[in-house]
Each structure stands twice: as structure tokens, then as C-alpha cells.
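Quick note: the sequence shown, position 71, residue 71 per full-length UniProt numbering, numbers continuous. The beta-carbon is built from N, C-alpha and C at its ideal position, and this holds for glycine as well. If you're wondering where the values come from, they're calculated on a predicted model, not measured in any experiment.
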Amino acid sequence: MAATSSRRIFFRDLRLQVSIGIYDFELEKPQTVVINVDLLLSDPERAADDSIANVLNYDVIHDGIVALAGSRHFNLQETLVEAILDLCLAQPQVTEARVSTEKPDVYGDCRVGYEAVRRRSPG
Numbered sequence: 001m002a003a004t005s006s007r008r009i010f011f012r013d014l015r016l017q018v019s020i021g022i023y024d025f026e027l028e029k030p031q032t033v034v035i036n037v038d039l040l041l042s043d044p045e046r047a048a049d050d051s052i053a054n055v056l057n058y059d060v061i062h063d064g065i066v067a068l069a070g071s072r073h074f075n076l077q078e079t080l081v082e083a084i085l086d087l088c089l090a091q092p093q094v095t096e097a098r099v100s101t102e103k104p105d106v107y108g109d110c111r112v113g114y115e116a117v118r119r120r121s122p123g
């Protein structure tokens with residue numbers, strides 16, 4: 001019986017200053033957004049030869065999220081999350097992505113956030 005495996009790459013607590021929100025106090029200046037990303041990768045041929053060429057380069061995702069978050073104003077966390085999902089699923093190795101954002105400074109007693117999961121469409 002052949003062994004099965006799964007691989008994940010994750011980014012935890014990526015803190016960025018993002019222009020996001022619809023309220024006057026949110027439009028005045030960027031605010032902290034905490035981003036978490038969990039990527040399920042396609043069945044590997046393995047990390048052969050210990051070479052970056054055989055795996056998903058973390059920089060593509062990290063740098064892409066940083067650039068995306070700074071690229072424009074987002075009214076909604078939902079819109080930012082969907083854009084990050086698009087970025088992640090554009091990588092051929094990624095079969096599923098879970099992305100969440102949190103705005104830790106909106107309320108004094110909690111963080112408010114949004115999370116979505118998307119799978120690559122077959123075909």
C-alpha cells in the first residue's frame with residue numbers, strides 16, 4: 001500500500017499596516033491588520049535535492065501579500081481576504097488556501113476578523 005502525505009505551508013500573525021475600512025476613523029490612516037494563511041499543497045514529488053526549485057517559494061506568497069495589502073484602500077476585510085486567496089491559488093502547487101484577517105484595534109475588548117477557505121477548481 002502506497003503511503004499518502006499532505007503538505008502545508010503557513011504564515012502566522014503577519015502584521016501589516018493596511019488602508020482598510022469604511023468608517024471615518026478607518027479612512028484617516030492605515031491600521032494594523034493581522035493576516036494568517038494556511039496553504040495545502042499538491043502531492044509532492046518531494047523536496048528533491050534540497051532545492052528551492054522543487055518547492056513553493058515562501059517569498060512569492062509573503063511578498064505578494066505585502067504588496068497587495070499596500071496596493072490600495074480596501075473597504076472590507078472580505079475583499080482583502082479574497083484578493084489574498086486569488087494570489088495564493090495562482091501558485092500551481094497550492095490546492096487549497098485558508099486566509100484570515102483580523103483588525104485588533106477596532107474594539108478595545110476583542111479582535112474582529114474574517115476567514116475564508118477556497119479550493120482550486122478542478123480542470
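Original post:
Starting from Glu-26 and walking both ways along the alpha helix (DSSP H), at which residues does that stretch end?
Top reply: 24–27
**OP:** Since I believe Ile-35 is in contact with Thr-101 (beta carbons under 8 angstroms), could you give me their beta-carbon distance rounded to a whole number of angstroms?
**Re:** About 5 angstroms separates the beta carbon of Thr-101 from that of Ile-35, a gap short enough to meet the 8 angstroms contact definition.
**OP:** Decide if Cys-88 is buried, meaning its Cβ has at least 16 other Cβ atoms within 10 Å, or exposed.
**Re:** buried
Original post:
Is the distance from the Cβ of Arg-118 to the Cβ of Ala-97 below 8 angstroms?
Top reply: yes
**OP:** Mind checking which residues open and close the beta strand (DSSP E) that includes Val-37?
**Re:** 31–41
**OP:** State the start and end residues of the unbroken beta strand (DSSP E) segment that holds Tyr-114.
**Re:** 112–119
Original post:
Rounded to a whole number of angstroms, what is the C-alpha to C-alpha distance between Arg-92 and Phe-10?
Top reply: The residue you asked about is not Arg; residue 92 is Pro in the sequence shown. Distance between the alpha carbons of Pro-92 and Phe-10 is about 16 angstroms.
**OP:** Specify, as a first and last residue, the run of the alpha helix (DSSP H) that Val-106 falls within.
**Re:** From DSSP, Val-106 is part of no alpha helix (DSSP H); its letter is neither H nor E.
Original post:
With respect to the beta strand (DSSP E) encompassing Leu-16, which residues constitute its N-terminal and C-terminal limits?
Top reply: 7–18
**OP:** Less than 8 angstroms between the CB atoms is what I'm expecting for Val-33 and Lys-103, so what's the real figure, rounded?
**Re:** Contact holds; Cβ gap of about 6 angstroms.
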